[in-house]
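What follows is a single structure, written as structure tokens, with notes after it.
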Amino acid sequence: GIVLRGKGYEVATSPDGASALETFPRLRPDLVLLDLMLPGMDGIEVCRRLRRESGVPIIMLTARTDTADVVEGLEAGADDYLTKPFEPEELVARIKARVRRVDAPTTEKLTVGDLTIDVDGHEVRRGEELISLTPLEFDLLTQLARKPWQVFTRDVLLRDVWGYRHSADTRLVNVHVQRLRSKIEHDPENPAIVVTVRGVGYRAGGGS
2 GIVLRGKGYE VATSPDGASA LETFPRLRPD LVLLDLMLPG MDGIEVCRRL
52 RRESGVPIIM LTARTDTADV VEGLEAGADD YLTKPFEPEE LVARIKARVR
102 RVDAPTTEKL TVGDLTIDVD GHEVRRGEEL ISLTPLEFDL LTQLARKPWQ
152 VFTRDVLLRD VWGYRHSADT RLVNVHVQRL RSKIEHDPEN PAIVVTVRGV
202 GYRAGGGS
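Heads up: the sequence shown is residues 2 to 209, going by the working numbering.
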């Protein structure tokens with residue numbers, strides 16, 4: 002908290018998951034730092050409940066790296082995670098990457114498959130239907146759609162979408178691609194919009 006306040010962020014803390022869920026609707030924070038080791042309700046359940054009501058960026062703080070906890074947390078809706086102990090600069094870098102940058106207004110419209118992306122309006126539509134994505138899912142789809150000819154490696158996506166400055170856990174990308182596909186693909190088991198290029202990464206497809 003002290004480090005973040007020193008960087009100009011306003012910080013509110015909660016002692017446990019239940020009180021965090023209670024204060025969240027009132028505070029409407031720009032980002033949630035969520036410790037997985039909480040008294041009472043665990044962090045993964047808190048994450049699940051937050052994600053049900055909001056697309057707010059969620060960064061998990063965990064003491065474990067190679068367990069199912071990380072994947073379970075990502076599948077519950079977390080955008081990113083940090084393993085304790087971590088450097089304050091690393092935390093600030095991750096926060097900056099996830100708190101939406103307010104760019105100059107554009108009228109950029111992208112098409113991928115049968116989806117239309119309004120970049121400035123932060124909307125994705127299939128015909129008249131509005132598809133609800135979290136900010137991170139939106140950034141991931143936009144990154145692929147802007148360069149449909151390019152195959153993006155997981156490391157490049159971690160750098161460009163998550164803001165990582167060094168090699169990191171590619172499970173972040175895999176889990177979020179799955180979540181994105183579940184929302185935008187006609188058949189997530191046979192994706193046509195976000196296509197896997199085996200052994201390399203992902204690219205935008207033509208849809209079907």
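Cβ coordinates follow ideal geometry from the N, Cα and C atoms, glycine included.
- Completely contained alpha helix (DSSP H) runs for the segment 131 to 161, where each covers 4 or more residues: Taken in chain order, the complete alpha helix (DSSP H) segments of 4 or more residues contained in the segment 131 to 161 are 136 to 147, 155 to 161.
- Exposure label - residue 38; buried when at least 16 CB within 10 Å: Taking the sequence shown and counting its residues from 1, the one referred to as residue 38 is at position 37. So residue 38 counts as exposed.
- Query: Which of helix, strand or coil does DSSP assign to residue 49?
  - Reply: Locating residue 49 in the sequence shown gives position 48, where the first residue counts as 1. Helix.
- Item | Cβ of residue 37 within 8 Å of any chain D Cβ | Absence of chain D from the displayed structure is noted, only one protein chain being present.
- Query: Under 8 Å between the Cβ atoms of residue 114 and residue 154?
  - Reply: Your numbering for residue 114 matches position 113 in the sequence shown. Your numbering for residue 154 matches position 153 in the sequence shown. Not in contact: residue 114 and residue 154 (Cβ atoms no closer than 8 Å).
- Query: Taking three-plus beta-carbon pairs below 8 Å as touching, is the segment 116 to 130 in contact with the segment 32 to 51?
  - Reply: Verdict: no, contact absent.
- Report the residue from 141, 127, 17, 150 whose alpha carbon sits nearest the alpha carbon of residue 46. What you label residue 46 is simply residue 45 of the sequence shown in a count that begins at 1. For the residues 141, 127, 17, 150, the minimum Cα distance to residue 46 belongs to 17.
- Outcome for residue 173 when other beta-carbon atoms lying within 10 angstroms are tallied against a minimum of 16: In the sequence shown, counting from the first residue as 1, residue 173 sits at position 172. By the C-beta density criterion, residue 173 is buried, having at least 16 other C-beta atoms within 10 angstroms.
- Query: When you compare each of 137, 50, 200, 116 to residue 130 by their alpha carbons, which one comes out closest?
  - Reply: By one-based count along the sequence shown, residue 130 stands at place 129. Of the candidates 137, 50, 200, 116, the residue whose Cα lies closest to the Cα of residue 130 is 116.
- Message: Among the candidates 140, 198, 184, 147, whose CA atom is the shortest distance from the CA of residue 98?
- Response: The residue labelled residue 98 in the question sits at position 97 within the sequence shown. For the residues 140, 198, 184, 147, the minimum Cα distance to residue 98 belongs to 140.
- Message: Using only CA atoms, which one of 73, 22, 61 lies nearest to residue 176?
- Response: Counting from one through the sequence shown, the residue named residue 176 turns up at place 175. Checking every option, the nearest Cα to that of residue 176 belongs to 73.
- Query: Skipping 5 residues on each side, what residues in its chain have a beta carbon closer than 7 Å to that of residue 95?
  - Reply: The residue labelled residue 95 in the question sits at position 94 within the sequence shown. Excluding residues within five positions, the ones whose Cβ falls inside 7 Å are 60, 81, 83, 164.
- Entirely enclosed alpha helix (DSSP H) segments - the segment 7 to 47, minimum 4 residues: Here the runs fully enclosed are 18 to 28.
- Task: Determine the direct distance from the alpha carbon of residue 197 to that of residue 151, and round the result to whole angstroms.
- Result: Here residue 151 is taken as the residue at index 150 of the sequence shown, counted from 1. Here residue 197 is taken as the residue at index 196 of the sequence shown, counted from 1. Those two C-alpha atoms are separated by around 12 Å.
- What whole-angstrom Cβ distance do residue 204 and residue 192 have, given they're in contact under 8 Å? Residue numbering aside, residue 204 sits at position 203 when the sequence shown is read from its first letter. Residue numbering aside, residue 192 sits at position 191 when the sequence shown is read from its first letter. Residue 204 to residue 192, Cβ: 11 Å. No contact.
- So which of 22, 55, 159 has the shortest CA-CA distance to residue 41? For the purposes of this step, residue 41 is taken as the residue at position 40 of the sequence shown. Nearest C-alpha to residue 41: 22.
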